[in-house]
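What follows is a set of notes on a single structure, which appears directly below.
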Amino acid sequence: MDSDGTQDARGTHASPVPRPAGPPEVPAMPTRPPAAPGTPPLPDGSAFLTWLRAPRPDAAPGVWRFGHRPRPAEEPEEIPTRQLLSGALIAFLVGWLIWSLLQNGYLGTWWWVPFDLIVPDAWRGGDSDLGETGTFVVYQGYELLVALAIMVGAARLGRWGEVWSRFVTPRFRRPEAQEPRTTADDDPAQWNELRAAGAADAAERLAAEARTGLMRDVDHARILRAWQGVRTGRHSLATFSGAVLKDGAAACLHPSGERDLPARLARHDLVTGQVRLGTTVDDARNPYAYRGTGLALGPDLLGTSLVAVGPAGSGKTGTVVRPLAESLCLHALAGRAAVVVVGAAGTGLGPADAYDVVVRIGNQDSEYDLDLYGGSTDPDEAAAVLAEALVGDLADPHPGSDSRRSTTVLAQLLGPFRAVHGRFPSVPELRQLLDGAPGPFAALRQGLQEAGQESLLRELDARERQMGQPGDVGGVLGDRVALLDRPAFAGFFDTSGQSRPFTLKALDHPVRVRIDLPQRGHADASRMLARLVLAQFTASVAVREDRSLFACLLLDDATGVVTPEAVRGIQRLRSGNAGVVLTLRTLDDVARPLRGPLLGATGCRMALSGLTPWDGQDFAEVWGKEWTEARDVTDRQIIAETPAGKAVHMLRRVITGKAPTARAVTVRQVERERWSASELAHGVPAGHAVLSLTDVKGEHAPPLLVDLRG
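Going by my numbering, the letters in the sequence shown line up with residues 7 to 716, in that order.
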């Protein structure tokens, strides 16, 4: 298979991905590197060095680590501003009063006792050895010490230090520089790991490229990925050093020859592998450590898969799928990931030149085709994947069900056809076989007899006997294949070697793929093709040789795609260093028995604004409950017993208009839902979402209210 991922496993050759005629133009390094590439880099490379040396402390799952300042896990108890300022003022007045009383002798002279015990007698009086000036200084110094002691006590009592830090210090605090102080030993721009391994010349070349502005974030990530290959033994140190000395920051290029995307819309940090989706709202329902922090996703979280549910217009494509697709394409250019993005044509999944392969199904101008059989040469394997695509949504939605009958029917036809023709049938040929056309069956029988394939001949005989019998699924399969045997798809799914089919077997390489589905007039066919891509993806990543390459499928609008077999496939992805991102308008697009298993199989779950209450109930159940503190406040009317008390109560009622009451507060621990169905349906503002996260190591974050516009 070609390294660019455009040759299938059946030997159908395709031209390589078009490469630029000359060296690619150096993409711009942004003045704020993770923000918006496209602005010219500084001549000395200071923008890149600032970005590279920025602090990225360890943080909880989902926290945007670039420049992050950790916060305490628990919210500190903060005194209200009015109470703090009034307490500070009262403490000052109390201290002033005590000092005045001492100065005027209203509290006696006991506070002079320490002075009499410590100071020598020769220092006292006007005729002392120190003279009048010295004596004055001694007495005034002691009074100053007493005044300072009173002031310190008043300051501690009135929390003057907190007043200073809250209201005074921020006004004089200088904005901290983004670039931390680094030494030569811990400077990432010096490539010290290469120097320690004996590649000092390569390290010096890379450091010079960074200083002169010829390196950017994708180059840094790509060279680090190549260096990991040296450490694991996939590449030799001599080969790596030679490539770096020859090409500098352009070494180890992606097969497309590109070093960056044509444009970026989201903020990316390729050191941590994150893409920023928004900001966690400073809300009491969010843990204190997350409030106000950036919310970001990376392969460590996408490896557990993500499902996002929200109505049309809630931002699933623009604020979730598009940034993730952009991030994974950058990872692919760095040699870290392979990405397949599936959606309706024209839904804004990125420009065509941001991908290596663009399959426009139903568009006769499409340069690439889609392999209907996933590049498999095994009839049973191809039958299983195709059966899932054709009738997976018709299977019993219970998670334990399967579609073995459909797989058997297809295998009874695919095996004999391949044995006779050396390939799998095209869509019209497969439709004729499923419909039981006598001509194709007779030709297959004759070919098998001439080749002496007795076992496959028995398979074909069994298929002929089953046709027309009650419960035969061949007719249903034929009806589903007929959805693809339309003039709009003529020339697609070709198996004769005349087209350039793309197969998901290419996920062994860092390939970027976009598949446009024909939604208008072919909704059923689009859902069937989406199931086909998902089935091929889960089958392909399970047998990859190099699992260090993260593989991800982004499926925009997974309506009719979630089947029992799909749920089982998603559950297996984490162990294969792969994940899927599914978006749904509503959970009603998933069969009721599969909603719980789907939410359980995905580690990251997102509920966008506008969710229905019944969808919110499913999220509320999967997010569970937590112990929280409940405060019950009870107002009880005070009954006066004496005439004077009654008079006072009457006066209070006249002044305030309310009867005198006594307030009782009861605090207790109760177990409540983290987010209720009503809150998810009515308490999530527009442009926001509630998102829970789980990374591949098992660490998780509770449901977080996130502003996707921040």
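Positions of the beta carbon are idealized from the N, C-alpha and C atoms, including for glycine.
query	result
Could I get the ranges of all uninterrupted alpha helix (DSSP H) runs contained in the segment 60-84, with 4 residues as the minimum, in chain order?	none
What alpha helix (DSSP H) runs, 4 residues minimum, are completely inside the segment 637-678?	649-662
For Ser698, which residues does DSSP report across the bridge?	Arg611
For Ala160, count the other beta carbons within 10 Å of its own beta carbon; 16 or more makes it buried, fewer makes it exposed. Which is it?	buried
Please classify Lys631 as buried or exposed, where buried requires at least 16 other C-beta atoms within 10 Å of its C-beta.	exposed
Identify every run of the alpha helix (DSSP H) within the segment 406-438, keeping only runs that are complete inside it and at least 4 residues long; order them along the chain.	410-427
Pick helix, strand or coil for Phe543, following the three-state DSSP scheme.	helix
Give every residue of the same chain whose Cβ lies closer than 6 Å to the Cβ of Leu5, excluding the five residues on either side of it in the sequence, and list them in chain order.	Outside the shown range of the chain (7 to 716) lies residue 5, about which nothing can therefore be said.
Would Pro176 and Leu58 be called neighbours here (beta carbons separated by less than 8 Å)?	no
For Arg177, does the three-state DSSP call read helix, strand or coil?	helix
Give the secondary structure of Ile367 by DSSP, where H, G and I count as helix, E and B as strand, and everything else as coil.	coil
Would you mind stating whether Leu283 and Leu588 have Cβ atoms separated by less than 8 Å?	no
Under 8 Å, do Leu555 and Pro516 count as touching if we go by C-beta distance?	yes
Let's test the definition: count the other Cβ atoms within 10 Å of the Cβ of Tyr112 and tell me whether it reaches 16, buried, or not, exposed.	exposed
Using CA coordinates, which residue listed in Ala692, Thr640 and Leu699 is at the minimum distance from Val671?	Thr640
Answer with buried or exposed for Val174, where buried requires no fewer than 16 other C-beta atoms within 10 angstroms of its C-beta.	exposed
Return yes when the Cβ of Ala360 is within less than 8 Å of the Cβ of Leu450, no when it is not.	no
Mark Arg506 as exposed unless 16 or more other C-beta atoms lie within 10 angstroms of its C-beta, in which case mark it buried.	buried
Give the range of the alpha helix (DSSP H) segment to which His337 is assigned.	Arg328 to Leu339
Can the beta-carbon of Val397 be found closer than 8 Å to that of Val482?	yes
In the DSSP output, what is Pro385 paired with across the bridge?	Paired residue(s): none; Pro385 is not in a bridge.
Among the residues of its own chain, which have a CB less than 8 Å from the CB of Glu571, if the five just before and after it don't count?	Glu394, Gly398, Ala401, Asp408, Ser409 and Ala541
Just confirm the distance between the C-beta atoms of Leu330 and Val281, as a whole number of angstroms; I'd bet it's less than 8 Å.	6 Å
Unbroken alpha helix (DSSP H) runs of length 4 or more, entirely within the segment 210-240: which are they?	223-238
Please report the straight-line C-alpha distance between Ala636 and Arg669, rounded to a whole angstrom.	16 Å
In this structure, does DSSP put Lys703 in helix, strand or coil?	coil
Determine the DSSP secondary structure at Ala27, reduced to helix, strand or coil.	Residue confidence for Ala27 is low, a pLDDT of 29 falling below 50, so the modelled location carries little weight; the figure read from the coordinates is stated next. Looking at Ala27 - three-state DSSP - the assignment turns out to be coil, as it is neither helix nor strand.
Less than 8 Å separating the beta-carbons of Val315 and Ala613?	yes
At least one CB of chain C closer than 8 Å to the CB of Ser106: is that the case?	Of the chains in the structure shown, none is chain C; there is only one protein chain.
Since Val119 is in the alpha helix (DSSP H), which residue starts that stretch and which ends it?	Val119 to Ile124
Evaluate Pro476 with the Cβ neighbour count: other Cβ atoms within 10 Å of its Cβ, from every protein chain shown; 16 or more gives buried, anything less gives exposed.	exposed
The alpha helix (DSSP H) spanning Val482 covers which residue range?	Gly480 to Ala488
Ordered along the chain, which non-local residues of its own chain (more than five positions away) have a Cβ less than 6 Å from that of Gly341?	Arg228, Arg231 and Pro516
On the criterion of 16 or more Cβ atoms from any shown chain inside 10 Å, does Leu292 qualify as buried, or is it exposed?	Reading the sequence as shown, one finds Asn at residue 292 and not Leu. Buried is the call here.
Alpha carbon to alpha carbon, how far is His706 from Arg550?	28 Å
Are three or more beta carbon pairs between the segment 247-255 and the segment 206-218 nearer than 8 Å?	yes
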